[in-house]
Amino acid sequence: MLDFFCVCNVSPSFSADLIPPGVCSLLNPSTIYANNEVDLDEVEIYGFDYDYTLALYSNTLDTMIYNTARDFLVKHYKYPEGISKYDYIPNFATRGLHYDIQKGLLMKIDAFHYIQLGTVYRGLNPVPDEEVLELYGGTNHVPLEEVSGFYGKVITYILLP
13 MLDFFCVCNV SPSFSADLIP PGVCSLLNPS TIYANNEVDL DEVEIYGFDY DYTLALYSNT
73 LDTMIYNTAR DFLVKHYKYP EGISKYDYIP NFATRGLHYD IQKGLLMKID AFHYIQLGTV
133 YRGLNPVPDE EVLELYGGTN HVPLEEVSGF YGKVITYILL P
């Protein structure tokens, strides 16, 4: 039996290194394979791919994930009941945002660490460009060491704070 975890869109030469020609004529190197059987009775937590590489998702799933997470925070982590009134807004944000936890701002920052003016929000409210410049010392450039102190980068819509 072949002992490999997965083969995912590998080049033909790399695929041939992993699986010598003639071992299996049915093997498709652009498909994902696993070599372990899984006893689902022993699985306590199921995870789902949510980076749009294996499947496309609807706004219905986004809404369900948002509502479930929001309600869980209120019930189990004593978040204020008032946040329960906020519904998921599909077009509010985009991937690739940064969250400055010190200033409570959500924003788009480019590859050169410049805040894209007009993209800064405090909660659901846009922050005027003048205020952004004032908050960041008269510039829209954020030094790398400051960006590193931000909460992080939003990779999916669900990761929004």
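Just so you know, we're using the numbering used here here: the sequence shown kicks off at 13 and counts up by one.
Backbone N, C-alpha and C fix where the C-beta goes; we use that ideal spot for every residue, glycine too.
Open item on the list: So, under 8 angstroms CB-CB, Leu109 and Leu117 are touching, yes? Tell me the CB distance rounded to an integer number of Å.
Closed with: If you number the sequence shown from 1, residue 109 lands on position 97. If you number the sequence shown from 1, residue 117 lands on position 105. Incorrect: roughly 10 angstroms between the Cβ atoms, too far for contact.
Open item on the list: Rounded to whole angstroms, what is the Cα-Cα separation between Ile101 and Val50?
Closed with: Translated into positions along the sequence shown, residue 101 becomes position 89. Translated into positions along the sequence shown, residue 50 becomes position 38. Between Ile101 and Val50, the C-alpha separation is close to 37 angstroms.
Task: Which listed residue (Glu158, Lys87, Val55) has its alpha carbon closest to that of Phe124 - done: The residue you call residue 124 lines up with position 112 of the sequence shown. Considering only alpha carbons, the answer is Glu158.
Open item on the list: Quick check on DSSP: helix, strand or coil for Cys18?
Closed with: As a first step, residue 18 is located in the sequence shown; it is residue number 6 there, counting from the start. Because Cys18 sits at a pLDDT of 40, beneath the cut-off of 50, its placement in the model cannot be relied upon, and the following sentence gives the value as read from the coordinates. Coil.
TODO: Check whether the Cβ atoms of Gln128 and Lys115 sit closer than 8 angstroms, and answer yes or no.
DONE: Start at 1 with the first residue of the sequence shown, and residue 128 comes out as number 116. Start at 1 with the first residue of the sequence shown, and residue 115 comes out as number 103. Against a cut-off of 8 angstroms, the Cβ pair of Lys115 and Gln128 comes out as no contact.
TODO: Would you check if the distance between the CB atom of Asn152 and the CB atom of Val144 is smaller than 8 angstroms?
DONE: The residue given as residue 152 occupies position 140 in the sequence shown. The residue given as residue 144 occupies position 132 in the sequence shown. Taking 8 angstroms as the Cβ cut-off, Asn152 and Val144 qualify as a contacting pair.
- [ ] Ignore the nearest five residues each way along the sequence and tell me which others in Val139's own chain have a CB closer than 7 angstroms to its CB.
- [x] To locate residue 139, count along the sequence shown from 1; it is residue 127. So the list reads Leu117, Val132, Tyr133, once near-sequence residues are dropped.
Open item on the list: Measuring straight from C-alpha to C-alpha, what distance separates Gly161 and Ala67?
Closed with: Reading the sequence shown from its first residue, position 149 is the one you call residue 161. Reading the sequence shown from its first residue, position 55 is the one you call residue 67. Between Gly161 and Ala67, the C-alpha separation is close to 33 angstroms.
- [ ] Give the DSSP-derived three-state secondary structure of Arg200 in the structure shown.
- [x] Since the first residue of the chain shown is 13 and the last is 173, residue 200 is not available in this structure.
Open item on the list: I need the DSSP call for Leu118, collapsed to helix, strand or coil.
Closed with: What you label residue 118 is simply residue 106 of the sequence shown in a count that begins at 1. Leu118: strand per DSSP, three-state reduction.
- [ ] Let me know the secondary structure DSSP gives Ile127 once reduced to three states.
- [x] Residue mapping note: residue 127 aligns to position 115 of the sequence shown, counting from 1. Residue state, collapsed to three classes: strand.
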